[in-house]
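Going by our numbering, the final residue of the sequence shown carries number 1082, and the count climbs one at a time with no gaps.
Beta carbons: idealized from backbone N, C-alpha and C, even for Gly.
Bear in mind that the values here come from a model prediction, so they are computed numbers and not experimental data.
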Amino acid sequence: MKTKEPRKPTLLVALIPIVFMMLSLLVGIFFLGLDPQIPLLASAIVATVLGLSLGHSWKDIEKGMLKTVVLPIQAILILMVIGALIGSWTSGGVVASMIYYGLKLLSPTFFLVAACLICMVVSVSSGNAWTSAGTIGIAIMGMAEGFGISSAMAAGAVISGCYFGDKISPMSEMTNLAAGITGLNLFEHIRHLLYTTVPAITIALIIYTIMGFTLTPKGSPDQVAVLQSQLDGIFIISPWLLLVPLIVIVLLTLKIPAIPGLVIGSLMGTICTVFVQGASWTDALNTLYYGHAAETGVEILDSLLNNGGIESMFWTISLIMIAMAYGGILEVTGTLETIVESLIKMVKSTGNLIATTVGTSVMTNILACDAYLAMIFPARMYASEYKRRGLHIKNLSRTIEDGGAVTSPLVPWNTCGAFMFATLGVHSFSYAPFAFFCFLSPIIAIIYGFLNLKIEYLPKDGAEEVEMPYAK
């Protein structure tokens, strides 16, 4: 007996789980005060029921969920290692030393622009936004507390700098992915990417500079001096402790994989906890899992020092897994494909195509909850359309990074947004308005599309045509 083929959802049916997710998140988070896990779980149930009604078996739906849930396993491991690293660096006095000397070297006026520039350098060197935020980023957040600068603004500057590097570094997984899935030479992709990236980061840096001159920090010089004195009273502060993050950054620059590099950083933090701060091995090792606990009675210090540990990442890990399961159901049931096919029918010009590609990447970040999927999915769906219109594939490779790579930290339940919340301690909804680079990049990409700026076309004789893996 022949097995009945599942039906493809109509656009109206495909929108049901999408609309339900949006409404449940809105009501759950803003009116009921729920964490996003519950609305997302409810959305996954609705998507499952819809899939079953279309003729998909539970086995196929489960397979689709498991396929996507395992995608962020490396990210989850990095999350846990960074949790251990933050705990060990906090208890070892490494974070305190970075904050102590950072408060001496930086001024509140230029803090935001300096924070962005520092993260840019570290991220370009390491090729990874997560490791940059998990190392230098946590120290910058501590300095912001000391200066009395909004943590949301500081997080926005950190994320802008980190994702600049992750977007253009030859060592970045995202940059290599964008070039790889479109069949483009890596450095040709990066050169074309600079046309949208340089204006976006330049505007962001100008805004951070202006903000520095117009904002009035809450912390006075006396308060900063008191904070430094308190840190010096709790920890042994030494410039030698700054070698720990420096060594980690050098290791990552030398292309040591992120997980081994961060594990080495965690071990160095543990050694500092024992031999510099004088803690026992038991306490130092417990810090790797439970994080550093401090009860100083000073609110700002407690918020800085009660930090880290593998355990602190479990909330984020649960969010990532539920969100990825939901995205897997949408993919296996054909929901995303139906929506994108409907969008393609509305494309009338190059500007429309660029805007639709950006929109699809952003939508995939929201629905499939992963930056890699937000690049792979539109590359697969639109490659043929770019070829049909005579557009060079480098336009697609650039656009999926402009729309997919840098908007991922702006979505709270996306793997990147969840990671940044867990690492920097600021919710995506709070820092998103200040992560200027992340939303300027897709805007500039769309403007270029409609104005036909820096849009390259294939030669009419077919010379130099790049083989597009997904183009038919």
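- Judged by pairs of C-beta atoms under 8 Å, the segment 1016 to 1026 touches the segment 929 to 941, as three or more such pairs exist.
- By a beta-carbon distance limit of 8 Å, Thr-700 does not contact His-1002. Their separation comes to about 48 Å.
- Ile-949 is positioned such that its CB atom lies no closer than 8 Å to that of Ala-657.
- Glu-755 sits away from Leu-915, with the two beta carbons spaced by 8 Å or more.
- One thing to note: Gly-775 has its Cβ no nearer than 8 Å to the Cβ of Ser-717.
- Listed in chain order, the alpha helix (DSSP H) elements of length 4 or more contained wholly in the segment 646 to 673 are 647 to 663.
- Met-956 and Thr-967 have their C-alpha atoms spaced approximately 12 Å apart.
- According to DSSP, Asn-917 shares a beta bridge with His-902.
- Around the Cβ of Val-723, a 10 Å sphere holds 16 or more other Cβ atoms; the residue is buried.
- Rounded to the nearest whole angstrom, the C-alpha separation of Ile-800 and Tyr-982 is 17 Å.
- In the structure shown, Leu-862 falls within a helical segment according to DSSP collapsed to helix, strand and coil.
- Sequence-distant partners of Glu-783 (beyond 5 residues in either direction) whose C-beta falls short of 6 Å from its own C-beta are missing from its chain.
- For Asn-1005, the enclosing alpha helix (DSSP H) covers residues 1003 to 1010.
- Gly-888 has its alpha-carbon roughly 48 Å from the corresponding atom of Asp-1012.
- In this model, Ile-1056 and Ala-965 are separated by some 5 Å (Cα to Cα).
- As a beta-bridge residue in DSSP terms, Tyr-1067 pairs with Leu-1001.
- When only Cα atoms are considered, Thr-807 and Phe-1049 end up about 11 Å apart.
- Boundaries of the alpha helix (DSSP H) around Cys-772: 761 to 778.
- Looking at the backbone, the Cα of Ser-761 and that of Val-1036 are separated by about 7 Å.
- For Ser-1051, the closest alpha carbon among the candidates Ser-1018, Lys-1070, Met-1030 is that of Ser-1018.
- Contact between Gly-752 and Ile-709 holds, with the beta-carbon distance rounding to 4 Å and staying under 8 Å.
- Looking only at Val-858, Ile-910, Leu-633, the smallest Cα-Cα distance to Ile-746 is reached by Val-858.
- For Cys-1026, the enclosing alpha helix (DSSP H) starts and ends at 1025 to 1034.
- Under a 10 Å Cβ-count criterion, Tyr-818 is classified as buried, with 16 or more other Cβ atoms of the shown protein chains found around its own Cβ.
- When C-beta atoms of the segment 994 to 1009 are compared with those of the segment 783 to 797, three or more pairs fall below 8 Å, so the two segments count as touching.
- Taking the C-beta atoms as reference points, Ser-735 is found nearer than 8 Å to Thr-863.
- In the structure shown, Pro-870 falls within a helical segment according to DSSP collapsed to helix, strand and coil.
- It is roughly 30 Å from the alpha-carbon of Pro-619 to the alpha-carbon of Gly-1027.
- Beyond the five residues adjoining it in sequence on each side, Leu-804 comes within less than 6 Å, by CB distance, of no other residue in the same chain.
- For Ala-706, the enclosing alpha helix (DSSP H) covers residues 704 to 715.
- Contact between Ile-846 and Val-886 holds: CB atoms are separated by about 6 Å, below the 8 Å threshold.
- Taken atom to atom, the span from the alpha-carbon of Val-691 to that of Ala-984 is near 25 Å.
- Rounded to whole angstroms, the separation of the alpha carbons of Tyr-1067 and Thr-785 is 22 Å.
- At a cut-off of 4 residues, the continuous stretches assigned as alpha helix (DSSP H) that sit fully inside the segment 913 to 997 are 924 to 942, 945 to 955, 960 to 977.
- With contact defined as three or more Cβ pairs closer than 8 Å, the segment 644 to 659 and the segment 626 to 633 are in contact.
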